[in-house]
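Letter 133 of the sequence shown, counting from 1, is numbered 216 in our numbering, and no numbers are missing.
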Amino acid sequence: MSESFRLRAEEALLPSIVALLIALILGDVLILMFGESPAHVYSRMIEGAWGNPYGFAQVLYKTTTLTFAGLGIALALRAGLFNIGAEGQLAAGAFGAAIVGISLPAGTPGLVAVPLCLLGAAAGGLLTGGLPGVLKAKFGAHEVIVTIMLNFVVLALLNWLIVERLRTADTLHTPEINAGAVPRLSEFIPAFHGSAANVTFFFAIAAAIWCWWYLFRTPGGYALRATGLQPDAAEYSGIRVGRVWIKAMALGGMLAALGGTNFVLGYKHYYEDGFTGGSGFLAIAVAIVGRNHPFGVVIAAFFFATLSQGGLAIHALVPKQMVEVLQGIVILAMAAAVPEVQRALRSARKVVAA
Numbered sequence: 084m085s086e087s088f089r090l091r092a093e094e095a096l097l098p099s100i101v102a103l104l105i106a107l108i109l110g111d112v113l114i115l116m117f118g119e120s121p122a123h124v125y126s127r128m129i130e131g132a133w134g135n136p137y138g139f140a141q142v143l144y145k146t147t148t149l150t151f152a153g154l155g156i157a158l159a160l161r162a163g164l165f166n167i168g169a170e171g172q173l174a175a176g177a178f179g180a181a182i183v184g185i186s187l188p189a190g191t192p193g194l195v196a197v198p199l200c201l202l203g204a205a206a207g208g209l210l211t212g213g214l215p216g217v218l219k220a221k222f223g224a225h226e227v228i229v230t231i232m233l234n235f236v237v238l239a240l241l242n243w244l245i246v247e248r249l250r251t252a253d254t255l256h257t258p259e260i261n262a263g264a265v266p267r268l269s270e271f272i273p274a275f276h277g278s279a280a281n282v283t284f285f286f287a288i289a290a291a292i293w294c295w296w297y298l299f300r301t302p303g304g305y306a307l308r309a310t311g312l313q314p315d316a317a318e319y320s321g322i323r324v325g326r327v328w329i330k331a332m333a334l335g336g337m338l339a340a341l342g343g344t345n346f347v348l349g350y351k352h353y354y355e356d357g358f359t360g361g362s363g364f365l366a367i368a369v370a371i372v373g374r375n376h377p378f379g380v381v382i383a384a385f386f387f388a389t390l391s392q393g394g395l396a397i398h399a400l401v402p403k404q405m406v407e408v409l410q411g412i413v414i415l416a417m418a419a420a421v422p423e424v425q426r427a428l429r430s431a432r433k434v435v436a437a
């Protein structure tokens with residue numbers, strides 16, 4: 084048992100370790116080209132992310148959104164589908180949570196308001212994630228193309244709603260929610276004062292645990308994984324592949340959408356146009372580096388959140404795009420090693436060629 088566990092662990096971890104080493108080496112070369120010491124730059128980055136309570140709390144805040152969105156992408160990849168729509172799903176979830184929070188009367192108990200806001204967010208994800216799944220299962224539409232297009236549709240529609248219907252004066256955001264706000268971590272850890280980190284971080288951890296349980300301890304998770312490995316064989320064995328695709332995309336959309344509650348319920352308390360800042364696209368890297376395993380996604384989200392927060396401390400030393408280059412190198416290295424991504428990319432190439 085221990086030997087088989089060791090072999091599985093090596094198989095899962097080796098590509099991630101190799102990808103990170105490649106990124107580190109190429110990063111060293113780029114830093115040297117700018118005339119800086121790699122050790123100095125990396126130490127400043129770590130200090131900016133972990134060297135003070137505020138920086139570490141901000142890492143936790145960014146980890147929360149990336150975990151939710153990464154789980155949504157990983158779940159779809161487990162079913163052999165490439166969900167590129169997390170950016171739009173994040174926005175739809177945040178908007179849904181904000182609308183519910185605005186609609187509730189002030190003074191609504193948190194035990195009632197928070198679950199309702201979470202349901203509002205999940206509804207936004209169900210719509211924006213489930214629709215590509217239905218189109219895939221019923222009409223053969225490729226989820227990569229549909230989710231990319233939906234990103235633009237969702238973001239444009241929400242922008243129009245904010246600008247023309249819902250914004251407060253001289254802003255690009257909705258009114259503040261009347262109920263549903265959750266505490267910031269600084270209320271429990273005073274050293275985190277000023278940080279946006281909030282208790283939705285624990286919601287994200289709970290979501291990862293639920294995903295692990297669903298994928299590896301339930302018949303539905305088995306069907307999802309079997310479909311991702313070989314859909315024809317899964318169909319032959321009696322699994323309704325189309326239904327699995329719809330469920331995987333719907334659940335993935337809901338998980339990604341819940342990431343928007345980190346901003347609306349825990350930080351600003353309103354929906355703001357453009358708040359995602361590319362987090363939905365970065366979550367693709369989170370899922371890939373995490374090898375589509377729920378706990379791997381949490382670790383990868385923490386890693387990329389560290390890069391993002393630590394990158395703020397090195398702008399005086401190297402161009403700010405340096406962190407984005409490092410992220411891109413990791414993505415390219417991992418994409419060459421993750422079987423689910425390879426299958427999804429091959430499928431996408433077939434669609435483009437057709």
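Ideal Cβ positions, reconstructed from N, Cα and C, are used throughout, including at glycine. From a predicted model like this one, the values you see are computed outputs, not experimental measurements.
Return the CA-CA distance between A262 and P198, expressed in angstroms with no decimal places.
Going by the C-alpha atoms only, they are around 11 Å apart.
If I'm right that T230 touches N166 with Cβ under 8 Å, what's the distance once you round it to whole angstroms?
6 Å
Less than 7 Å between C-beta atoms, sequence neighbours within five positions excluded: which residues of the same chain meet that for E318?
V324
Quick one: any contact between the segment 400-415 and the segment 171-188, if contact means 3 or more CB pairs under 8 Å?
no
Here's a check: name, in chain order, each residue in its chain whose Cβ is nearer than 6 Å to the Cβ of R127, leaving out the five neighbours to either side.
A396, I397
Checking 8 Å against the spacing of the C-beta atoms, do F151 and L241 come in under that value?
Going by C-beta atoms, F151 is not nearer than 8 Å to L241.
Own chain, CB closer than 7 Å to L238, minus 5 neighbours either side, in chain order
G171, A174
Is the beta carbon of W295 sitting closer than 8 Å to the one on F378?
yes
Ignore the nearest five residues each way along the sequence and tell me which others in A196's own chain have a CB closer than 6 Å to its CB.
L187, A262, G263
Note down the Cα distance separating L233 from T211, rounded to an integer number of angstroms.
7 Å
Please look up how many angstroms separate the CB atoms of A291 and V372, rounded, as I've assumed it's under 8 Å.
At roughly 15 Å, the Cβ-Cβ gap does not stay under 8 Å, so A291 and V372 are not in contact.
Host alpha helix (DSSP H) of D253 (start-end):
Run containing D253: none; DSSP gives neither H nor E here.
Could you give the uninterrupted runs of the alpha helix (DSSP H) lying entirely in the segment 257-316, keeping only those of 4 residues or more?
283-300, 302-312
Among L249, R308, L218, T147, whose alpha-carbon lies nearest the alpha-carbon of A340?
T147
Quick one: what's got a C-beta closer than 8 Å to P273's C-beta in the same chain, skipping five residues either side?
none
Do you know whose CA, among A383, K403, A399, P302, lies nearest G153's CA?
A383
G394 beta carbon less than 8 Å from that of K403:
yes
Under the three-state reduction of DSSP, which class applies to E119: helix, strand or coil?
coil
Report back the beta-carbon spacing between I156 and I414 to the nearest angstrom; my notes put them in contact at under 8 Å.
Wrong, their Cβ atoms sit about 12 Å apart, outside the cutoff.
For V112, count the other beta carbons within 10 Å of its own beta carbon; 16 or more makes it buried, fewer makes it exposed. Which is it?
Residue environment analysis places V112 among the exposed positions, since fewer than 16 neighbouring C-beta atoms fall within 10 angstroms of its C-beta.
Beta bridge counterpart(s) of E355 as assigned by DSSP
H256
Whether R374 touches S99 by CB criterion (8 Å)
yes
Quick one: give me the first and last residue of the alpha helix (DSSP H) that A384 is part of.
Where A384 is concerned, the enclosing alpha helix (DSSP H) stretches over 377-394.
Inter-residue spacing [alpha-carbon to alpha-carbon] between A181 and G207
11 Å
Are the Cβ atoms of G216 and M332 separated by less than 8 Å?
yes
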